[in-house]
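Colleague:
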Amino acid sequence: MSIEDLSSVSPALARYAREALFDGLWKRPGLSPRDRAVVTVAALIARSQTGELPFYLNFALDHGVGPKEISEIITHLAFYAGWANGTAAAAIAQPIFAARGIGPDQLPPASPQLLPIDQAAEDRRARTVEETVGPTSPGLVEDTGVVLFRDLWLRPDLAPRDRSLVTVAALIANGQVQQIPYHLGRAMDNGLTQVEASEIISHLAYYAGWPNAFSAIPVVKAIFESRLK
Amino acid sequence: MSIEDLSSVSPALARYAREALFDGLWKRPGLSPRDRAVVTVAALIARSQTGELPFYLNFALDHGVGPKEISEIITHLAFYAGWANGTAAAAIAQPIFAARGIGPDQLPPASPQLLPIDQAAEDRRARTVEETVGPTSPGLVEDTGVVLFRDLWLRPDLAPRDRSLVTVAALIANGQVQQIPYHLGRAMDNGLTQVEASEIISHLAYYAGWPNAFSAIPVVKAIFESRLK
Amino acid sequence: MSIEDLSSVSPALARYAREALFDGLWKRPGLSPRDRAVVTVAALIARSQTGELPFYLNFALDHGVGPKEISEIITHLAFYAGWANGTAAAAIAQPIFAARGIGPDQLPPASPQLLPIDQAAEDRRARTVEETVGPTSPGLVEDTGVVLFRDLWLRPDLAPRDRSLVTVAALIANGQVQQIPYHLGRAMDNGLTQVEASEIISHLAYYAGWPNAFSAIPVVKAIFESRLK
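Here is the structure:
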């Protein structure tokens with residue numbers, strides 16, 4: 012909806028869109044407009060909110076997020092938010108890509124040369140998952156290794172730091188606090204700063220609602236503190 | 012869908028709609044039809060379930076919820092459920108307002124004279140948020156004060172008790188139990204009775220699913236008990 | 012979206028659809044294709060993801076799930092996921108039923124002869140709910156007994172084991188872990204095997220996102236262990 016359309020139902024919402032969102036939040040330091048676009052797109056896909064998605068996909072493409080990155084964000088969230096979240100986002104992106112002349116040559120290949128794996132870190136991750144998940148769901152252990160961490164996460168057209176950014180944004184946006192510690196730690200290992208992580212939360216207060224932001228605080232706080240030690 | 016449409020897929024669902032919902036739940040004492048309409052609209056907006064929203068927005072407007080209140084409920088939930096929940100609801104409300112001839116003069120102004128603030132309560136709230144959230148996300152502390160508690164919550168066209176009703180309904184409807192204690196306490200401070208709170212839960216069992224109602228019980232129980240002391 | 016459509020946004024997603032999903036997950040032992048269809052349909056309805064629902068409803072009808080079962084799954088989830096989830100699913104199913112010539116004679120009656128009740132188990136359930144929920148929401152206690160356990164759960168056109176399968180799938184798919192212990196125990200009492208329960212989780216990793224699968228693990232693990240004693 013345009014600001015004028017919003018105004019015909021809620022003049023207040025139109026004012027907040029201008030003042031609090033676009034002249035406030037989006038201009039605040041701590042997180043670049045490009046990263047805010049990635050976080051917003053991730054939250055909308057993760058929450059199946061396709062109504063606002065065309066606007067923010069175009070915004071992202073106009074603010075430094077490349078078509079390959081958009082393609083990878085959608086693919087990544089098909090696993091981290093749900094298959095139907097991925098396909099619904101692809102259905103929204105398709106006409107936008109077509110209108111911008113983004114063809115197959117500008118998309119990541121189905122099976123690219125993967126990034127090199129950090130074998131020691133992967134062994135630690137695999138061991139932990141085997142111990143905690145293995146006795147309950149061997150199928151989940153298998154797919155988490157083969158499909159996610161030894162394939163999806165190594166695809167080169169979305170930087171590991173951005174893949175983590177998308178994952179953390181999706182977790183906060185859906186209130187999935189139990190998985191935040193592992194992925195926020197991984198995000199910070201991949202280069203996300205504490206100031207950026209802090210500002211992701213206040214950005215998502217707007218795009219995923221205040222309660223999800225507040226629910227994330229205690230687990231994020233614990234991660235920040237544990238990394239100081 | 013009409014009862015007849017429901018019947019073409021599930022005659023049982025059509026029967027439950029008549030017997031359990033409209034001749035049962037909606038006529039039960041403990042919560043007025045007007046408040047049930049507010050709770051239902053809040054749950055549908057908070058859960059992005061726009062399919063049923065036109066029916067219940069019209070129902071609300073026909074049962075004592077004014078256009079200004081609808082406008083404020085949508086604005087409020089843009090913050091408490093997510094920005095895209097607010098804009099999706101505005102898109103549904105726009106043609107309904109137009110069909111009823113609800114023009115700009117019947118909407119709350121963008122910047123009205125705000126209600127007087129309870130400075131002592133606000134100071135307590137701000138201090139708690141500063142202590143718990145401040146070290147992790149200063150941006151969230153800032154916006155919670157400036158945009159929500161010293162602006163949104165003081166807008167006069169939705170009574171504080173109703174603003175709390177909407178907030179609590181959204182929290183229960185989305186399973187966000189961590190934020191229920193603060194907001195249910197605030198709701199009861201604002202005049203919501205225990206009988207009403209109790210019946211909000213069983214109303215939301217239908218409109219947000221039984222599991223969300225059951226998940227709310229332990230935290231609501233703890234609040235009821237703490238207020239007896 | 013077809014595989015070709017997916018490919019125009021993400022060739023990788025098209026590859027995962029073929030390799031990981033349809034040639035992988037769906038062919039894996041541990042859970043029959045028929046049960047996978049039930050779990051997938053339940054997850055999509057429970058998460059309001061109507062975009063993929065037509066494909067999987069048709070898939071289910073082609074793989075051993077009868078029209079009466081589909082009708083009952085939708086009715087069941089109107090209570091276990093939310094009323095609007097049920098009506099949105101009915102709106103999707105209506106043209107599919109019409110196209111297949113599924114008329115009123117092939118649907119479960121609104122008020123069939125109910126299955127016999129296990130009175131001792133029902134007394135135990137009712138006593139527990141009375142004790143835990145009764146002091147907080149008498150209305151919820153009443154409806155849980157009258158509408159759900161002494162009516163909905165006894166409807167004969169969806170086997171108790173499948174009703175439990177749908178309920179557990181919906182709980183995992185929405186991250187409602189608090190209600191999993193009761194319903195998974197009931198599912199296994201109703202004949203769901205541990206191998207099937209285990210594979211439901213890895214199936215839902217794809218259809219409800221990895222975080223929901225991982226969040227389910229600790230509670231499912233505890234149930235598996237408690238039943239060994």
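Note that the protein sequences, when read in sequence, are chains A, B and C.
The opening residue of the first sequence carries number 12 in this note's numbering; numbering runs sequentially from there.
The opening residue of the second sequence carries number 12 in this note's numbering; numbering runs sequentially from there.
The opening residue of the third sequence carries number 12 in this note's numbering; numbering runs sequentially from there.
All residues carry an ideal CB built from backbone N, CA and C; glycine is no exception.
Output the distance between the C-alpha atoms of Ile234(A) and Arg45(C), rounded to the nearest integer angstrom.
Modeller: As a first step, residue 234(A) must be located in the first sequence, where it is residue number 223. As a first step, residue 45(C) must be located in the third sequence, where it is residue number 34. When rounded, the distance between both Cα atoms is 43 Å.
Colleague: I want to verify the contact list: residues of chain B whose CB lies under 9 Å from the CB of Gly220(A), in sequence order.
Modeller: Mapped onto the first sequence, residue 220(A) falls at position 209. Near Gly220(A) (Cβ distances below 9 Å), the residues of chain B are Ala57, Leu88, Ala89, Phe90, Tyr91, Ala92, Gly93, Trp94, Asn96, Ala181, Asn185, Gln187.
Colleague: Check whether the region 171-191 of chain B and the region 138-148 of chain B touch, using three or more Cβ-Cβ pairs below 8 Å as the test.
Modeller: With the cut-off at 8 Å, the region 171-191 of chain B and the region 138-148 of chain B do not touch.
Colleague: Can you give me the start and stop residues for the alpha helix (DSSP H) that Ser226(A) sits inside?
Modeller: In the first sequence, the residue the question calls residue 226(A) occupies position 215. Note, Ser226(A): alpha helix (DSSP H), 221-239.
Colleague: Strictly below 7 Å CB to CB, what residues from chain C border Ala132(A)?
Modeller: Your numbering for residue 132(A) matches position 121 in the first sequence. Chain C residues near Ala132(A): none, gap ~18 Å exceeds 7 Å.
Colleague: How big is the Cα-Cα spacing for Ala208(B) and Arg47(A)?
Modeller: The count along the second sequence starts at 1 and reaches residue 208(B) at position 197. The count along the first sequence starts at 1 and reaches residue 47(A) at position 36. If I take the Cα positions, the gap works out to 38 Å.
Colleague: Under DSSP, the alpha helix (DSSP H) around Thr51(B) begins and ends at which residues?
Modeller: Position 40 of the second sequence, counting from 1, holds the residue named residue 51(B). Taken as a continuous stretch (DSSP letters only), the alpha helix (DSSP H) holding Thr51(B) covers 44-57.
Colleague: Assuming Ser82(A) and Pro119(A) make a contact with CB atoms under 8 Å, what is their CB distance in whole Å?
Modeller: By 1-based counting over the first sequence, the position of residue 82(A) is 71. By 1-based counting over the first sequence, the position of residue 119(A) is 108. That pair is a contact at about 6 Å.
Colleague: Taking only three categories from DSSP, how would you classify Glu63(A)?
Modeller: The count along the first sequence starts at 1 and reaches residue 63(A) at position 52. Reduced to three states, the DSSP call for Glu63(A) is coil.
Colleague: Do the CB positions of Ala109(C) and Ser122(B) come within less than 9 Å of each other?
Modeller: Numbered from 1 along the third sequence, position 98 holds the residue referred to as residue 109(C). Numbered from 1 along the second sequence, position 111 holds the residue referred to as residue 122(B). Their beta carbons are not under 9 Å apart, which means Ala109(C) does not touch Ser122(B) by this criterion.
Colleague: For Phe70(C), go through chain A and note every residue whose CB falls closer than 9 Å to its CB, in chain order.
Modeller: Within the third sequence, numbered from 1, the residue matching residue 70(C) stands at position 59. Those do not exist, as Phe70(C) stays about 13 Å from chain A at its closest Cβ, beyond 9 Å.
Colleague: Assign Gln283(B) to one of three DSSP states: helix, strand, or coil.
Modeller: Because chain B spans 12 through 240 in this model, residue 283(B) falls outside it and cannot be assessed.
Colleague: Identify the contact partners of Ser209(C) in chain A, using a Cβ-Cβ distance below 9 Å as the criterion.
Modeller: Position 198 of the third sequence holds residue 209(C). Thr147, Ser148, Pro149, Gly150, Leu151, listed in chain order.
Colleague: For Leu169(A), which three-state DSSP category applies?
Modeller: Against the first sequence, residue 169(A) aligns to sequence position 158. Reduced to three states, the DSSP call for Leu169(A) is coil.
Colleague: Which two residues bound the contiguous alpha helix (DSSP H) that contains Ala101(A)?
Modeller: For this step, residue 101(A) is matched to residue 90 along the first sequence. From DSSP, the alpha helix (DSSP H) with Ala101(A) extends over 94-110.
Colleague: Where Asn96(C) and Val157(C) are concerned, what is the direct C-alpha to C-alpha distance, given to the nearest angstrom?
Modeller: For the purposes of this step, residue 96(C) is taken as the residue at position 85 of the third sequence. For the purposes of this step, residue 157(C) is taken as the residue at position 146 of the third sequence. C-alpha separation (whole angstroms): 21 Å.
Colleague: Hey, out of Ala31(B), Ser226(B), Asp16(B), Ser21(B), whose CA is closest to Val140(C)'s CA?
Modeller: Here residue 140(C) refers to the residue found at position 129 when the third sequence is read from its first residue. It is Ser226(B) whose Cα lies nearest to the Cα of Val140(C).
Colleague: Specify the secondary structure class of Gly202(A) as computed by DSSP and reduced to three states.
Modeller: Along the first sequence, read from residue 1 onward, the residue named residue 202(A) stands at position 191. Three-state result, Gly202(A): coil.
Colleague: I need the boundaries of the alpha helix (DSSP H) containing His87(A), first residue and last residue.
Modeller: Here residue 87(A) is taken as the residue at index 76 of the first sequence, counted from 1. That run of the alpha helix (DSSP H) goes 78-91.
Colleague: Using a Cβ-Cβ cut-off of less than 8 Å, list which residues of the region 112-132 of chain B approach chain A; keep chain order.
Modeller: If the cut-off is 8 Å between Cβ atoms, the region 112-132 of chain B has Pro115, Leu118, Pro119, Pro120, Ala121, Ser122 near chain A.
Colleague: Just the chain C side, please: which residues come within less than 9 Å of Ser82(A) by C-beta, in chain order?
Modeller: Position 71 of the first sequence, counting from 1, holds the residue named residue 82(A). Those are Val20, Ser21, Pro22, Ala23, Leu24, listed as they occur along chain C.
Colleague: Quick one: residues in its chain with C-beta nearer than 6 Å to the C-beta of Leu195(B), no 5 flanking neighbours on either side, listed in chain order?
Modeller: Within the second sequence, numbered from 1, the residue matching residue 195(B) stands at position 184. Cβ neighbours of Leu195(B) beyond the five flanking positions: Val179, Ile234.
Colleague: Run through chain A and tell me which residues come within less than 8 Å of Leu159(B), C-beta to C-beta.
Modeller: Translated into positions along the second sequence, residue 159(B) becomes position 148. Per Cβ cutoff of 8 Å: Trp221.
Colleague: Enumerate in chain order the residues of its own chain whose CB-to-CB distance from Ala259(B) is below 7 Å, with the five nearest sequence positions on each side excluded.
Modeller: In this structure chain B extends from 12 to 240, so residue 259(B) is not present and cannot be described.
Colleague: Taking the alpha helix (DSSP H) that Asp34(C) falls in, what are its first and last residues?
Modeller: As a position in the third sequence, residue 34(C) is number 23, starting the count at 1. No alpha helix (DSSP H) contains Asp34(C), which DSSP labels as neither H nor E.
Colleague: Could you name the residues of the region 165-177 of chain A whose beta carbon sits closer than 7 Å to any beta carbon of chain B, in the order they occur along the chain?
Modeller: Of all residues in the region 165-177 of chain A, none has a Cβ within less than 7 Å of some Cβ in chain B.
Colleague: Output the distance between the C-alpha atoms of Ile113(C) and Asp173(C), rounded to the nearest integer angstrom.
Modeller: Residue 113(C) sits at position 102 when you count from the first residue of the third sequence. Residue 173(C) sits at position 162 when you count from the first residue of the third sequence. Computed Cα separation, rounded: 21 Å.
Colleague: How many Å lie between Gln117(C) and Arg111(C) at the Cα?
Modeller: Here the question's residue 117(C) lines up with position 106 in the third sequence. Here the question's residue 111(C) lines up with position 100 in the third sequence. Each residue's alpha carbon lies about 11 Å from the other.
Colleague: If you draw a straight line from the alpha carbon of Tyr27(A) to that of Gly41(B), how long is it in whole angstroms?
Modeller: Locating residue 27(A) in the first sequence gives position 16, where the first residue counts as 1. Locating residue 41(B) in the second sequence gives position 30, where the first residue counts as 1. Their backbone Cα atoms lie some 36 Å apart in a straight line.
Colleague: Flag Thr143(B) as yes if its beta-carbon sits less than 9 Å from any beta-carbon of chain A, otherwise no.
Modeller: Residue 143(B) sits at position 132 when you count from the first residue of the second sequence. Interface residue, yes.
Colleague: Just to confirm my understanding: we take Ile103(A), look at its own chain, exclude 5 residues before and 5 after, and list those with CB closer than 8 Å. What are they?
Modeller: Numbered from 1 along the first sequence, position 92 holds the residue referred to as residue 103(A). Contacts found: Thr61, Leu64, Pro65, Leu68.
Colleague: Among Ala89(A), Asp134(A), Val49(A), whose alpha-carbon lies nearest the alpha-carbon of Thr17(C)?
Modeller: Counting from 1 along the third sequence, the entry for residue 17(C) is found at position 6. Reading the sequence as shown, one finds Leu at residue 17(C) and not Thr. Out of Ala89(A), Asp134(A), Val49(A), Ala89(A) has the C-alpha closest to the C-alpha of Leu17(C).
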